[in-house]
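Numbering-wise, the sequence shown is residues 1 to 333 according to UniProt numbering.
Glycine included, each C-beta is placed from N, C-alpha and C at the ideal position.
On a predicted model such as this, the values are computed, not experimentally measured, just so you know.
One structure below.
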Amino acid sequence: MAVNQSSNMVPDQCYLYTLPNEIILHILSPLPTLELLPLTLISHRIYALVLRILHNRLYLASQLHDHTLMLECYHPSAKLTEPPYFCTYHGTEGLSPYYCPSETDVDLPARLGELRNLYSRFRPHRREIEPARRRVNRHPAGDVPGSRTHPDSSSAGAGTRADKDDMVKQILGLESHELFTQLCAVGYIVRNGPRPGIFMAYTEVEEGVVRVWRDWLGKMAKRGNSGSSRVGSVGEGYAGQEVNTNTTLGLDEENLLWVSPAKNTGIRFNIRDRKLRREVPILLHIEEDMPVSYEVEYDELLIRTSHLLLMYEKSLLQRDNSSGKAVVIGSFG
Numbered sequence: 001m002a003v004n005q006s007s008n009m010v011p012d013q014c015y016l017y018t019l020p021n022e023i024i025l026h027i028l029s030p031l032p033t034l035e036l037l038p039l040t041l042i043s044h045r046i047y048a049l050v051l052r053i054l055h056n057r058l059y060l061a062s063q064l065h066d067h068t069l070m071l072e073c074y075h076p077s078a079k080l081t082e083p084p085y086f087c088t089y090h091g092t093e094g095l096s097p098y099y100c101p102s103e104t105d106v107d108l109p110a111r112l113g114e115l116r117n118l119y120s121r122f123r124p125h126r127r128e129i130e131p132a133r134r135r136v137n138r139h140p141a142g143d144v145p146g147s148r149t150h151p152d153s154s155s156a157g158a159g160t161r162a163d164k165d166d167m168v169k170q171i172l173g174l175e176s177h178e179l180f181t182q183l184c185a186v187g188y189i190v191r192n193g194p195r196p197g198i199f200m201a202y203t204e205v206e207e208g209v210v211r212v213w214r215d216w217l218g219k220m221a222k223r224g225n226s227g228s229s230r231v232g233s234v235g236e237g238y239a240g241q242e243v244n245t246n247t248t249l250g251l252d253e254e255n256l257l258w259v260s261p262a263k264n265t266g267i268r269f270n271i272r273d274r275k276l277r278r279e280v281p282i283l284l285h286i287e288e289d290m291p292v293s294y295e296v297e298y299d300e301l302l303i304r305t306s307h308l309l310l311m312y313e314k315s316l317l318q319r320d321n322s323s324g325k326a327v328v329i330g331s332f333g
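What follows is the structure, given as structure tokens:
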């Protein structure tokens with residue numbers, strides 16, 4: 001009788017699918033992202049569950065909990081003098097806090113590719129930003145409650161002006177014989193230490209060289225003078241505050257330059273022409289250009305969210321294998 005019962009059992013039956021989704025999610029959650037991705041080929045059900053895990057990880061990685069995103073972007077001649085910039089999170093379009101896909105959804109197969117094309121927005125600042133989106137003041141003892149400079153006593157307009165003052169601006173100049181200039185860019189995430197300016201881990205996001213052409217600078221400066229700007233909408237920003245974001249990402253916009261051909265990191269600039277009084281040369285070749293100078297404002301830093309997730313996991317792995325050393329960023333003089 002026992003032999004007959006065993007012979008009636010289906011040998012190809014998969015008992016994994018008899019488990020509820022909660023248990024399968026608990027089994028898959030400890031796996032790193034690079035090990036989760038191949039599992040999407042098993043079945044529609046596993047695909048939907050892995051997609052749910054990846055969506056949650058992308059949302060958490062974009063917040064960079066307990067980490068800070070830094071950007072170094074400088075002309076090669078200013079490598080030793082230009083400080084790193086602190087970047088604040090300004091939202092990720094198309095990424096909601098909660099997502100529960102269904103395996104019967106007809107649009108499910110394309111969702112994984114859509115997640116890969118998501119970009120998180122950050123804004124570079126000269127000085128570090130506190131979690132409440134206030135500037136870290138250099139002289140906190142001077143900000144007496146009730147005074148004009150105290151953060152709780154100042155108006156919203158004053159806070160907006162302070163944010164604009166902290167925006168990163170550089171001057172790019174081109175001589176008459178130069179067709180382009182270059183900016184060395186490197187982005188990295190650091191794990192926050194016990195005090196501001198002390199970081200416990202360093203993980204590079206991407207490094208490259210951005211070539212800035214003379215014609216592009218002139219075209220962007222004219223567009224800025226004409227008053228054309230991007231159409232914005234209100235979205236969720238840092239610490240739950242509302243910030244202005246685009247209705248569409250606009251990755252092909254001309255004022256966006258990519259750090260590498262992989263397009264994992266892009267920088268959006270605002271260009272303004274600096275009208276300098278120069279003596280016009282007596283003799284000037286018909287094809288020779290005049291020396292020019294532009295003010296370059298760093299509007300946004302875009303990072304592919306999936307790439308940011310991989311670097312964030314790498315940073316967490318470094319924390320598990322920490323040697324106890326710290327990275328100190330600051331001026332000593």
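Note down the Cα distance separating residue i from residue j, rounded to an integer number of angstroms.
{"i": "H177", "j": "E207", "result": "28 Å"}
{"i": "M290", "j": "E175", "result": "7 Å"}
{"i": "P30", "j": "L60", "result": "15 Å"}
{"i": "G173", "j": "Q318", "result": "40 Å"}
{"i": "residue 399", "j": "I42", "result": "In the structure as shown, the chain begins at 1 and stops at 333. Residue 399 is therefore absent and cannot be evaluated."}
{"i": "D299", "j": "L54", "result": "29 Å"}
{"i": "Y85", "j": "E254", "result": "23 Å"}
{"i": "T245", "j": "V50", "result": "A caution first: T245 carries a pLDDT of 39, below 50, which makes its placement in the model unreliable, though a value can still be read off. For T245 and V50, the distance between alpha carbons rounds to 29 Å."}
{"i": "L19", "j": "A78", "result": "59 Å"}
{"i": "Y202", "j": "V190", "result": "5 Å"}
{"i": "E82", "j": "I271", "result": "19 Å"}
{"i": "D66", "j": "V292", "result": "42 Å"}
{"i": "N192", "j": "R211", "result": "32 Å"}
{"i": "W216", "j": "R45", "result": "49 Å"}
{"i": "L301", "j": "L310", "result": "18 Å"}
{"i": "D127", "j": "P109", "result": "The sequence given here has Arg at residue 127, not Asp. If I take the Cα positions, the gap works out to 43 Å."}
{"i": "S260", "j": "D105", "result": "35 Å"}
Measuring alpha carbon to alpha carbon, tell me which residue in the options is nearest residue i.
{"i": "D112", "options": "L316, R52 and F269", "result": "A quick correction: the sequence has Leu, not Asp, at residue 112. That would be R52, whose Cα lies nearest to the Cα of L112."}
{"i": "K275", "options": "I27, F269, Y294 and L25", "result": "Y294"}
{"i": "P97", "options": "R214, N56 and V205", "result": "N56"}
{"i": "L71", "options": "P38, Y188, E114 and R127", "result": "Y188"}
{"i": "W213", "options": "L310, D166, V296 and V205", "result": "V296"}
{"i": "L308", "options": "E204, E22, I24 and H26", "result": "E204"}
Can you tell me whether residue i is buried or exposed? The criterion is at least 16 other CB atoms within 10 Å of its CB, across all chains shown.
{"i": "I171", "result": "exposed"}
{"i": "L16", "result": "exposed"}
{"i": "F180", "result": "exposed"}
{"i": "T88", "result": "buried"}
{"i": "V209", "result": "exposed"}
{"i": "G157", "result": "Residue confidence for G157 is low, a pLDDT of 48 falling below 50, so the modelled location carries little weight; the figure read from the coordinates is stated next. Classification of G157: exposed, given that the 10 Å Cβ count is below 16."}
{"i": "R195", "result": "exposed"}
{"i": "G146", "result": "Any reading at G146 needs caution, since the residue's pLDDT is 49, under 50, leaving its predicted position unreliable; the model's value is listed next. G146 comes out exposed."}
{"i": "residue 339", "result": "Residue 339 is absent from the model: the chain starts at 1 and stops at 333."}
{"i": "A262", "result": "exposed"}
{"i": "T221", "result": "First, the amino acid is wrong: residue 221 is Ala here, not Thr. Buried, since its Cβ has 16 or more Cβ neighbours within 10 Å."}
{"i": "L80", "result": "exposed"}
Leaving out the 5 sequence neighbours to the left and right, which residues in its chain are closer than 6 Å to residue i when beta-carbon positions are compared?
{"i": "S62", "result": "T92, S120 and T305"}
{"i": "Y47", "result": "T40"}
{"i": "W258", "result": "G266"}
{"i": "S154", "result": "Summary for S154: the model assigns pLDDT 46, below 50, so the residue's position carries little reliability, and this model does not support an answer."}
CB-CB under 8 Å to residue i, same chain, minus the five flanking residues each way: which ones, in chain order?
{"i": "L118", "result": "L58, T92, E93, G94, L95, R304, T305 and S306"}
{"i": "L36", "result": "L28, V50, I53 and L54"}
Within its chain, find whatever has a CB closer than 7 Å to the CB of residue i; leave out the 5 residues flanking it on each side and keep chain order.
{"i": "Y74", "result": "E82, L183 and C184"}
{"i": "E313", "result": "P32 and T33"}
{"i": "L316", "result": "none"}
Original post:
What residue ranges within the segment 80-116 form continuous alpha helix (DSSP H) runs of no fewer than 4 residues, ordered along the chain?
Top reply: 108-116
Original post:
Along the chain, which unbroken stretches of the beta strand (DSSP E) at least 3 residues long are found entirely within the UniProt domain "F-box" (13-62)?
Top reply: none
Original post:
Which runs of the beta strand (DSSP E) fall wholly inside the segment 167-195 and span at least 3 residues, in chain order?
Top reply: 169-174 and 180-192
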